[in-house]
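Data first, discussion second: the structure below is written as structure tokens.
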Amino acid sequence: MIEIINLSKSYGSKQVLSNINIRFDSGKIYGIVGENGAGKTTLFRCLAELEVYDGRIQSDEQNLKGKLGFLTSEPYYLPKITGEEHIYLLTDARKVKVDNLTERNIFQLPLKEYVSNYSTGMKKKLAITAVLLQKNEYFIFDEPFNGIDLESSIIFSAILKKLKDLGKTVIISSHIFSTLKDSCDYIYKIEEGTLSPPFAKESFDELEDEMRQKILMKDIGKIL
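Heads up, the sequence shown is in UniProt numbering, so the first residue is 1 and it goes up one at a time.
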């Protein structure tokens with residue numbers, strides 16, 4: 001469980017998040033949707049303790065940061081590091097011993113090669129693999145489906161369901177709404193730094209229609 005209480009975040013005079021209150025329970029998958037700049041990534045960075053913020057974040061683990069796996073939308077890699085070395089770097093940081101890495105390489109990545117030679121999709125799959133092998137209790141996935149192929153998307157969707165079955169807390173953002181509909185128990189819309197009430201599965205189509213209508217209100221005739 002993670003609970004956010006009265007969380008606000010500003011960058012100078014710009015208010016990005018305003019009085020966020022939400023609880024993420026174990027064994028559930030939560031989706032966060034919103035336009036670019038709405039505050040999704042800032043919220044995730046606050047949860048990962050990468051930002052200073054006002055308010056409180058508490059969990060049923062004393063060391064939330066040490067139990068939280070954060071997949072950023074654009075993972076960073078050290079120069080001249082192989083895929084294998086990157087995985088061991090992240091797992092060693094959590095004091096997690098990884099055995100039989102070759103067998104656990106479900107995305108069939110060339111782990112002995114430099115990450116700098118990887119495609120965008122391969123880099124994303126390497127980041128997913130490393131976060132999963134850390135044995136975290138909480139997971140934040142920021143746009144995990146971006147750049148990966150159909151086969152890998154199917155595998156990752158199955159991984160999400162497995163994490164839920166294992167009682168993990170999962171928070172995910174995606175611009176591909178269908179991936180959230182298939183995986184999430186609840187979806188929240190973030191707009192102008194505030195969160196909507198939760199949409200349950202029976203309301204996902206309503207939320208999707210609402211978002212589509214808002215997008216179509218933009219005057220596309222100005223560019224055509």
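All residues carry an ideal CB built from backbone N, CA and C; glycine is no exception.
**Request:** Using three-state DSSP, classify residue 117 as helix, strand or coil.
**Result:** In the sequence shown, counting from the first residue as 1, residue 117 sits at position 117. Note: residue 117 maps to helix in three-state DSSP.
**Assigned exposure category for residue 21 - 16 Cβ within 10 Å defines buried** = The sequence position of residue 21 within the sequence shown is 21, counting from 1. Counting every other CB atom within 10 Å of its CB across the protein chains shown gives residue 21 a total below 16, marking it as exposed.
**Message:** Closest to residue 157 by C-alpha separation, out of 109, 103 and 184, would be which residue?
**Reply:** Within the sequence shown, numbered from 1, the residue matching residue 157 stands at position 157. Closest by alpha carbon: 184.
**Prompt:** Helix, strand or coil for residue 71 per DSSP?
**Reply:** As a first step, residue 71 is located in the sequence shown; it is residue number 71 there, counting from the start. Reduced to three states, the DSSP call for residue 71 is strand.
**Request:** Please work out which residues of its chain come closer than 8 Å, Cβ to Cβ, to residue 48, disregarding the five sequence neighbours upstream and downstream, and give them in chain order.
**Result:** Indexing the sequence shown from 1 puts residue 48 at position 48. Cβ-Cβ distances below 8 Å link residue 48 to 65, 68, 70 and 140 in the same chain, with the five nearest sequence neighbours on each side left out; the list follows chain order.
**Message:** For residue 7 and residue 112, what's the separation of their Cα atoms in angstroms?
**Reply:** The residue labelled residue 7 in the question sits at position 7 within the sequence shown. The residue labelled residue 112 in the question sits at position 112 within the sequence shown. Within the model, the alpha-carbon separation for residue 7 versus residue 112 is close to 42 Å.
**Prompt:** For the 8 Å Cβ check, are there 3 or more pairs between the segment 137 to 156 and the segment 171 to 179?
**Reply:** Because the criterion of three Cβ pairs below 8 Å is met, the segment 137 to 156 and the segment 171 to 179 touch.
**Item:** Rounded straight-line distance, which links the Cα of residue 145 to that of residue 153
**Value:** Sequence index remark: in the sequence shown, residue 153 carries index 153 (1-based). Sequence index remark: in the sequence shown, residue 145 carries index 145 (1-based). Across the structure, residue 153 and residue 145 are spaced so that their CA atoms are roughly 6 Å apart.
**Request:** Let me know if residue 53 comes out buried or exposed under the rule of 16 or more other beta-carbons within 10 Å of its beta-carbon.
**Result:** Residue mapping note: residue 53 aligns to position 53 of the sequence shown, counting from 1. Answer is buried; the Cβ neighbour count reaches 16.
**Request:** Measure the C-alpha to C-alpha separation of residue 222 and residue 9 and round it to an integer number of angstroms.
**Result:** As a first step, residue 222 is located in the sequence shown; it is residue number 222 there, counting from the start. As a first step, residue 9 is located in the sequence shown; it is residue number 9 there, counting from the start. Going by the C-alpha atoms only, they are around 35 Å apart.
**6 Å Cβ shell around residue 242 - same chain, five flanking residues per side excluded** = Residue 242 is absent from the model: the chain starts at 1 and stops at 224.
**Asked** By Cβ distance below 7 Å, which residues in the same chain neighbour residue 127 in space, the five residues on each side in sequence not counted?
**Response** Start at 1 with the first residue of the sequence shown, and residue 127 comes out as number 127. Result list for residue 127: 71 and 75, in chain order.
**Request:** On a CA-only basis, which of 2, 84 and 90 is nearest residue 28? Give me that one, please.
**Result:** For the purposes of this step, residue 28 is identified with residue 28 of the sequence shown, where counting begins at 1. Comparing Cα-Cα distances from residue 28 to each of 2, 84 and 90, the minimum goes to 2.
**Message:** According to DSSP, simplified to helix, strand and coil, what is residue 207?
**Reply:** As a position in the sequence shown, residue 207 is number 207, starting the count at 1. In the three-state reduction of the DSSP assignment, residue 207 falls in the helix class, which pools H, G and I.
**Request:** Check residue 48 in the structure and name its three-state DSSP category.
**Result:** For the purposes of this step, residue 48 is taken as the residue at position 48 of the sequence shown. Residue state, collapsed to three classes: coil.
**Request:** Please report the residue range of the beta strand (DSSP E) in which residue 7 lies.
**Result:** Walking along the sequence shown from the start, residue 7 turns up at place 7. Element bounds for residue 7: 2 to 11.
**Message:** Taking its Cβ as the centre, do 16 or more other Cβ atoms sit within 10 Å of residue 11, making it buried, or is it exposed?
**Reply:** For the purposes of this step, residue 11 is identified with residue 11 of the sequence shown, where counting begins at 1. Residue 11 should be labelled exposed.
**Message:** Let's see if you can read the secondary structure: which residues bound the beta strand (DSSP E) around residue 54?
**Reply:** The sequence position of residue 54 within the sequence shown is 54, counting from 1. From DSSP, the beta strand (DSSP E) with residue 54 extends over 54 to 59.
**Request:** Starting from the N-terminal side, write out each stretch of the alpha helix (DSSP H) that is 4 residues or longer and does not extend beyond the segment 159 to 196.
**Result:** If one requires a minimum length of 4 residues, the alpha helix (DSSP H) runs lying completely within the segment 159 to 196 are 177 to 183, in chain order.
**Nearest-angstrom beta carbon gap, residue 33 and residue 187 [assumed within contact, 8 Å]** = Locating residue 187 in the sequence shown gives position 187, where the first residue counts as 1. Locating residue 33 in the sequence shown gives position 33, where the first residue counts as 1. That pair is a contact at about 6 Å.
**Item:** Proximity below 7 Å, CB of residue 114 to CB of residue 82
**Value:** On the sequence shown, position 114 is the one that residue 114 refers to. On the sequence shown, position 82 is the one that residue 82 refers to. The answer is yes: Cβ separation under 7 Å.
**Message:** For a quick check, are the C-beta atoms of residue 17 and residue 193 less than 7 Å apart?
**Reply:** Counted from its first residue, the sequence shown places residue 17 at position 17. Counted from its first residue, the sequence shown places residue 193 at position 193. Less than 7 Å separates the beta-carbon of residue 17 from that of residue 193.
**Asked** Taking all protein chains shown into account, do 16 or more other C-beta atoms lie within 10 angstroms of the C-beta of residue 150, making it buried, or fewer, making it exposed?
**Response** Taking the sequence shown and counting its residues from 1, the one referred to as residue 150 is at position 150. If you draw a 10 Å sphere on the C-beta of residue 150, you find fewer than 16 other C-beta atoms in it, and that means exposed.
**Item:** Cβ distance (whole Å) where residue 159 is taken to contact residue 180 below 8 Å
**Value:** On the sequence shown, residue 159 is found 159 positions in, with the first residue counted as 1. On the sequence shown, residue 180 is found 180 positions in, with the first residue counted as 1. At roughly 15 Å, the Cβ-Cβ gap does not stay under 8 Å, so residue 159 and residue 180 are not in contact.
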